[in-house]
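As structure tokens, the structure follows; a few thoughts come after it.
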Amino acid sequence: MDPALALAIFAFGLAFGSFLHVSIYRLPRALSVVLPNSACPACQQPIRLYDNIPVLSWLLLGGRCRHCKARITPRYLVVELLTGALFLACYAHFGLTLATLKYCTLGFLLLGLIFTDAETHLLPDKMTLPGLALGLLFSLVVPVNDLASQLLPGLIALPISSDISAHLLSLADALLGTAVGASFVYGAGAIYLRARGVEGMGFGDVKLMAMIGAFLGLKLTIFTLFTASIAGSIVGISTVFVVWFKRTRRRMARQHETAREARRRAWGSAAIALRHHQIPFGVFLGSMAMLAFFFGNRFLHWYWGLM
Ligand SMILES: [Zn+2]
């Protein structure tokens, strides 16, 4: 790893993070990401170029607007640093290759979608649909080395040169990832709606998973779905228990109920909280997809080694 290049890539990531933060704020509000220039949300003063340097400006201004001293959300800093770290990690992991460009692109989109979903429960089409197209295009230049590409050549003998068929197999893998990812989320959403009467997953999640599938291919798509379901369930179940525990204690303290009575009634309110509290599933899908392209293959090799 070349230290000068690493530093440049990190700085590049910070700048992209700055732009990403603007998109996270504007896309769910249906605002343009390019015009107008950024302004302070409190006093509407345009933010000058020298006050818009990633990380540094925020630190120098102490997280406040230069004019009205209103607080600027530290999410600025978090998104910029995460994007910088992501770009650096891709370079460290994949070297100076097209794969680095591919996974920087995917990670950038995922970070944006994770933050947007956590904040607004929306996954804007303006991120997922171009992402889906980019993922399919990337599969033609960076081979999705996956199950289908290992299995398909034995099943079908393509009457074309092996060079072209390798690209086509990679594209087939990406399409397979898209189809399986999208239909799994669509199916899970339909079952969830039947079982609980509330919408747990929307079309945003379906499109997000279609995009992830295009970038990752079949094998890592399945890895993403599997780990995200586990992570989502763990968080969901522990939320219920935390609510239950807190309500029980409050009932015992305030209403002087017996422990048994308090536990029974608190369970009722925890169940209601679960019904109405929507878990942003895109956050889990996005985070696990990120984990997948760094560690998914290594994990699967280790796992298959155990069997
Ligand atoms: Zn201001």
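Position 237 of the sequence shown, counting from 1, maps to 268 under our numbering, and the rest follow consecutively.
In this text, a Cβ means the ideal position worked out from N, Cα and C, and glycines have one as well.
Everything numeric in this text was worked out from a predicted model, so none of it was measured.
Run of the alpha helix (DSSP H) containing residue i, from where it starts to where it stops
i, result
"GLY320", "Looking at the sequence shown, residue 320 is not Gly but Ala. Residues 312 to 322."
"LEU240", "The residue asked about is misnamed: residue 240 is Met in this sequence, not Leu. Residues 234 to 285."
"PRO34", "34 to 57"
"SER88", "87 to 91"
"TYR81", "Element bounds for TYR81: n/a, residue is neither H nor E."
"ARG60", "Taken as a continuous stretch (DSSP letters only), ARG60 belongs to no alpha helix (DSSP H), as it is neither H nor E."
"CYS135", "129 to 151"
"THR114", "106 to 125"
"GLY166", "156 to 172"
"PHE330", "328 to 337"
Residue i burial status per 10 Å Cβ neighbour count (16 or more: buried)
i, result
"CYS74", "exposed"
"MET340", "As displayed, the chain neither begins before 32 nor continues past 338, which places residue 340 out of reach and without an answer."
"ASP236", "buried"
"PHE175", "The question names Phe, but residue 175 is Val in the sequence shown. By the 10 Å Cβ count, VAL175 comes out buried."
"VAL273", "exposed"
"LYS100", "exposed"
"GLU111", "buried"
"TYR81", "exposed"
"PHE326", "exposed"
"MET321", "buried"
"MET32", "exposed"
"PRO155", "buried"
"GLY228", "exposed"
"ARG60", "exposed"
"VAL266", "exposed"
Near ligand 1: residue i beta-carbon under 7 Å from a heavy atom
i, result
"CYS74", "yes"
"HIS308", "no"
"ALA116", "no"
"ALA293", "no"
"HIS98", "yes"
"CYS121", "no"
"ALA101", "yes"
"CYS71", "yes"
Whether residue i touches residue j by CB criterion (8 Å)
i, j, result
"SER264", "ARG278", "no"
"PRO34", "HIS152", "no"
"LEU207", "ALA323", "no"
"ILE40", "LEU119", "yes"
"ARG77", "GLY94", "Note on residue identity: the sequence assigns Pro, not Arg, to residue 77. No, the Cβ-Cβ distance between PRO77 and GLY94 is not below 8 Å."
"ALA245", "LEU163", "yes"
"LEU167", "ALA205", "yes"
"SER201", "LEU171", "yes"
"MET240", "VAL271", "no"
"CYS71", "CYS96", "yes"
Own chain residues within Cβ distance below 7 Å of residue i, not counting five before or after
i, result
"PRO85", "LEU45, ALA46, GLY48, SER49 and GLU111"
"THR255", "ILE243, LEU247, LEU316, MET319, ALA320 and ALA323"
"PHE146", "ILE55 and VAL110"
"VAL64", "VAL53, SER54, ARG57 and LEU58"
Sequence-distant residues of its chain with Cβ nearer than 6 Å to residue i (five each side left out)
i, result
"TRP89", "TYR107 and LEU108"
"LEU58", "PRO155 and LYS157"
"LEU140", "MET158 and GLY162"
"HIS198", "LEU171"
Beta-carbon contacts of residue i that lie in its chain and below 8 Å, excluding the five residues immediately before and after
i, result
"ILE253", "VAL211"
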